[in-house]
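Structure first, then comments.
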């Protein structure tokens with residue numbers, strides 16, 4: 001699949017997460033994002049250094065500011081299972097707005113065309129690092145990194161785009 | 001049954017005081033088993049309930065007793081990456097009682113023939129490892145307690161103690 005781009009409608013697919021009552025939910029991306037302004041940012045792996053120490057904290061810190069500019073949801077996405085995403089989310093007790101969701105099978109990442117082959121590092125096939133801004137399912141900003149970089153997909157980059 | 005005929009690289013993240021340390025180490029299964037008495041047990045998933053609340057803690061609390069009976073190495077393997085295994089180790093408060101090893105690509109699990117296909121579950125766990133506990137002496141499997149599905153009936157630390 002070609003990588004997702006500005007102007008595309010975000011693909012329909014399923015992701016999973018543990019809700020506030022600790023119940024496992026499977027949700028459709030379209031249901032989560034329809035009619036809303038949503039930031040969907042992806043990381044190669046839960047608990048990995050750049051993801052944990054820079055990418056996620058950036059969105060947690062800027063969450064209020066992003067919401068004041070009309071963003072309804074900020075969703076962090078990775079090819080990890082929902083148990084791992086839940087445990088990772090818990091390491092950020094200060095987090096109020098960022099939702100941690102799981103693309104455990106990597107299927108949604110394929111639909112986005114954003115696979116990153118990390119098999120030689122024992123990580124399997126993961127997602128590239130990216131940040132998308134969706135407006136009622138339409139992609140208005142698509143900042144996708146090459147390889148392991150962190151240059152265009154931060155919270156600040158999305159703030160500039162709003 | 002000799003299972004460790006082919007060297008396979010299991011990864012683990014060397015814990016360090018520096019949280020930014022990227023120190024992923026690779027260890028061969030034969031280095032863990034050659035000339036040693038080794039317990040190797042597997043779980044379907046880091047941070048999942050039975051694995052976190054019963055299986056691993058059981059081995060941590062019985063580690064000293066197992067070592068007093070001649071066990072040299074106690075290692076837990078799961079089809080999760082090394083970063084997740086290290087985070088799990090810290091979450092469970094484990095020091096060096098039990099090694100937590102990553103079979104990130106599931107290759108070792110495949111070589112043993114103990115895959116657990118969880119792809120049909122909407123949870124998205126993919127192909128993992130069945131729960132098992134192995135006692136190996138100098139690389140030769142002496143005890144193999146392999147569970148079905150999600151069961152936890154014969155692969156605990158207590159079961160291994162009885163077998164020693």
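Residue numbers (UniProt numbering), protein chains in the order written: chain L, 1 to 162; chain Y, 1 to 164.
Just so it is clear, CB atoms sit at the ideal spot from N, CA and C, and this is done for glycine as well.
Predicted model only: the values in this text are computed from it and were never measured.
Listing by chain order, which chain L residues have their CB less than 7 Å from the CB of residue i?
| i | result |
| --- | --- |
| residue 126/Y | 104 and 105 |
| residue 31/Y | Simply none; closest approach about 17 Å. |
| residue 104/Y | 122, 123 and 124 |
Can you list, in chain order, the residues of its chain with a C-beta nearer than 6 Å to that of residue i? Leave out the 5 residues immediately preceding and following it.
| i | result |
| --- | --- |
| residue 5/Y | Since pLDDT at residue 5/Y reaches only 36, below the 50 mark, its modelled position is unreliable, and no value is offered. |
| residue 113/Y | none |
| residue 89/Y | 100 |
| residue 70/L | 37 |
Check whether the Cβ atoms of residue i and residue j lie closer than 8 Å to each other.
| i | j | result |
| --- | --- | --- |
| residue 135/Y | residue 125/Y | no |
| residue 58/L | residue 130/L | no |
| residue 77/L | residue 103/L | yes |
| residue 36/Y | residue 73/Y | yes |
| residue 47/L | residue 87/Y | yes |
| residue 147/Y | residue 132/Y | yes |
Starting from residue i, find everything on chain Y with Cβ-Cβ shorter than 9 Å and list it in chain order.
| i | result |
| --- | --- |
| residue 56/L | The contacting residues do not exist; residue 56/L stays about 13 Å from chain Y at best. |
At a cut-off of 7 Å, is residue i close to the ligand FAD when judged by its beta-carbon and the heavy atoms of the ligand?
| i | result |
| --- | --- |
| residue 164/Y | Only the bare structure without any ligand can be found here, which leaves the ligand FAD out of the picture. |
I'd like to know if residue i contacts chain Y, where contact means its C-beta is closer than 8 Å to some C-beta of that chain.
| i | result |
| --- | --- |
| residue 133/L | no |
| residue 22/L | no |
| residue 27/L | no |
| residue 45/L | yes |
What does residue i reach in chain L if we use C-beta pairs closer than 9 Å?
| i | result |
| --- | --- |
| residue 78/Y | Per Cβ cutoff of 9 Å: no residues; residue 78/Y is ~11 Å from chain L at best. |
List, in order along the chain, the chain Y residues whose C-beta lies closer than 7 Å to that of residue i?
| i | result |
| --- | --- |
| residue 81/L | 45, 123, 124 and 125 |
| residue 140/L | Within chain Y, no residue comes near residue 140/L; the closest Cβ sits about 28 Å away, beyond 7 Å. |
| residue 48/L | 83 |
Which chain L residues sit within Cβ distance under 8 Å of residue i?
| i | result |
| --- | --- |
| residue 119/Y | 105 |
| residue 75/Y | Here the premise fails: no neighbours, minimum Cβ distance about 16 Å. |
| residue 133/Y | Going along chain L, no residue has its Cβ under 8 Å from residue 133/Y, so there is no contact; the nearest lies around 21 Å. |
Tell me, please, whether the CB atom of residue i is closer than 8 Å to any CB atom in chain L?
| i | result |
| --- | --- |
| residue 91/Y | yes |
| residue 163/Y | no |
| residue 87/Y | yes |
Measuring only between beta-carbons, confirm whether residue i sits less than 8 Å from chain B.
| i | result |
| --- | --- |
| residue 121/L | The structure shown contains no chain B; its protein chains are L and Y. |
- [ ] Could you name the residues of the segment 33 to 59 of chain Y whose beta carbon sits closer than 7 Å to any beta carbon of chain L, in the order they occur along the chain?
- [x] Legend: CB atoms of the segment 33 to 59 of chain Y lying less than 7 Å from CB atoms of chain L belong to residues 45, 46, 47 and 48.
- [ ] Please name the residues in the segment 110 to 124 of chain L whose beta-carbon is closer than 8 Å to at least one beta-carbon of chain Y, in chain order.
- [x] Within the segment 110 to 124 of chain L, the residues whose Cβ lies closer than 8 Å to some Cβ of chain Y are 119, 121, 122, 123 and 124, listed in chain order.
Task: Selection of the segment 63 to 89 of chain L by Cβ proximity to chain Y, strictly under 8 Å - done: Listed in sequence order: 80, 81, 82, 83, 84, 86, 87 and 88.
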